[in-house]
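What follows is a short report on a single structure.
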Amino acid sequence: NAGVTQTPKFQVLKTGQSMTLQCAQDMNHEYMSWYRQDPGMGLRLIHYSVGAGITDQGEVPNGYNVSRSTTEDFPLRLLSAAPSQTSVYFCASSGRGLPNQPQHFGDGTRLSIL
Amino acid sequence: TQLLEQSPQFLSIQEGENLTVYCNSSSVFSSLQWYRQEPGEGPVLLVTVVTGGEVKKLKRLTFQFGDARKDSSLHITAAQTGDTGLYLCAGARPGNTGKLIFGQGTTLQVKP
Chain A
402 NAGVTQTPKF QVLKTGQSMT LQCAQDMNHE YMSWYRQDPG MGLRLIHYSV GAGITDQGEV
462 PNGYNVSRST TEDFPLRLLS AAPSQTSVYF CASSGRGLPN QPQHFGDGTR LSIL
Chain B
96 TQLLEQSPQF LSIQEGENLT VYCNSSSVFS SLQWYRQEPG EGPVLLVTVV TGGEVKKLKR
156 LTFQFGDARK DSSLHITAAQ TGDTGLYLCA GARPGNTGKL IFGQGTTLQV KP
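Sequences listed follow chains A and B, in order. Take 402 as the starting number for the first sequence in the working numbering and just add one per residue. Take 96 as the starting number for the second sequence in the working numbering and just add one per residue.
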């Protein structure tokens, strides 16, 4: 039972580098989201998707891009990494039917930007 | 501006004590969820409350949704060391957009 799988688990980047954080779910969930978690800030929504081909911005979208070409995958791209993007990133998925559907989270990607 | 205010942010208590965590907002939510997160892992859902005034119990944990659906509380009776972790509330705004808004979290440490 894989659930939501995030890769990599850890990453160190230099300022200005680009990278893609991968997220895959095997529950056929329509909703997928990316959050960042910083101390004292809880989880803040970066981007989300309500289905393949449909994405929208969350609270803190600047510096990040997403796409959703399949139901299973929802990658997050950092085009030019900045130290302010040092954080723990979580991907989540949920089935249709919020508000009652729980969000299933991956174990996170710990990203450091030097 | 934090739409969901959680308090307290940190709580350190002795095993056996009771505690309450609050989640407050000026906005109405169609539902509110409580999650628990352990170090190195993603949050895991504890409960969802949907109806104003609803009370749900999960063993020693009691969750309540305010009558106006703007606030919620989590009460733990006779805390145990295994309750240690980060507790997060998350609200779904009306409209079923698939978005959740999270509070800042409450870090609970239960000492033996």
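Yeah, the Cβ is synthetic: ideal placement off N, Cα and C, and Gly gets one too. Model, not experiment: these values are computed from the prediction.
Original post:
When DSSP labels each residue in this structure, what does residue 121 of chain B get in the three-state scheme?
Top reply: Counted from its first residue, the second sequence places residue 121 of chain B at position 26. Of the three classes helix, strand and coil, the one that applies to residue 121 of chain B here is coil, per DSSP.
**OP:** Find the nearest neighbour of residue 164 of chain B within the set B/179, B/181, B/143, judged by alpha-carbon distance.
**Re:** Taking the first residue of the second sequence as 1, we reach residue 164 of chain B at position 69. If we check each option's Cα against that of residue 164 of chain B, B/143 comes out closest.
Original post:
Excluding sequence positions up to five away, which residues of its chain have a Cβ less than 6 angstroms from the Cβ of residue 196 of chain B?
Top reply: Within the second sequence, residue 196 of chain B is the residue found at index 101, counting from 1. Excluding sequence neighbours, residue 196 of chain B sits near 98, 99, 186.
Original post:
For residue 178 of chain B, which three-state DSSP category applies?
Top reply: Position 83 of the second sequence, counting from 1, holds the residue named residue 178 of chain B. Helix, per DSSP.
Original post:
In terms of residue numbering, what span does the beta strand (DSSP E) encompassing residue 456 of chain A cover?
Top reply: Here the question's residue 456 of chain A lines up with position 55 in the first sequence. That run of the beta strand (DSSP E) goes 455-458.
Original post:
Which runs of the beta strand (DSSP E), 3 residues or longer, sit entirely within the segment 129-158 of chain B?
Top reply: 139-144, 150-153
**OP:** Using three-state DSSP, classify residue 485 of chain A as helix, strand or coil.
**Re:** The residue labelled residue 485 of chain A in the question sits at position 84 within the first sequence. Residue state, collapsed to three classes: helix.
Original post:
CA-CA distance, residue 168 of chain B and residue 455 of chain A?
Top reply: Counting from one through the second sequence, the residue named residue 168 of chain B turns up at place 73. Counting from one through the first sequence, the residue named residue 455 of chain A turns up at place 54. If I take the Cα positions, the gap works out to 34 angstroms.
Original post:
Could you give the C-beta distance for residue 492 of chain A and residue 433 of chain A, rounded to a whole number, given that I count them as a contact under 8 angstroms?
Top reply: Walking along the first sequence from the start, residue 492 of chain A turns up at place 91. Walking along the first sequence from the start, residue 433 of chain A turns up at place 32. Right, the Cβ-Cβ distance comes to about 7 angstroms (below 8 angstroms), so this counts as a contact.
Subject >> Spatial neighbours of residue 418 of chain A in its chain, beta-carbon cut-off 7 angstroms, leaving aside the 5 residues before and after >> reply: Here residue 418 of chain A corresponds to residue number 17 of the first sequence, with the count starting at 1. Short of 7 angstroms from the beta carbon of residue 418 of chain A, and not among the five residues preceding or following it, lie these beta carbons of its own chain, in chain order: 482.
Subject >> Collapsed DSSP secondary structure at residue 206 of chain B in the structure displayed >> reply: If you number the second sequence from 1, residue 206 of chain B lands on position 111. If DSSP states are grouped into helix, strand and coil, residue 206 of chain B belongs with the strands.
Subject >> Where the segment 131-157 of chain B meets chain A: residues whose CB sits under 8 angstroms from a CB there >> reply: 135, 136, 137, 138, 139, 140, 143, 145
Original post:
Does the beta carbon of residue 454 of chain A come closer than 8 angstroms to any beta carbon on chain B?
Top reply: The residue given as residue 454 of chain A occupies position 53 in the first sequence. So no, residue 454 of chain A is outside the interface.
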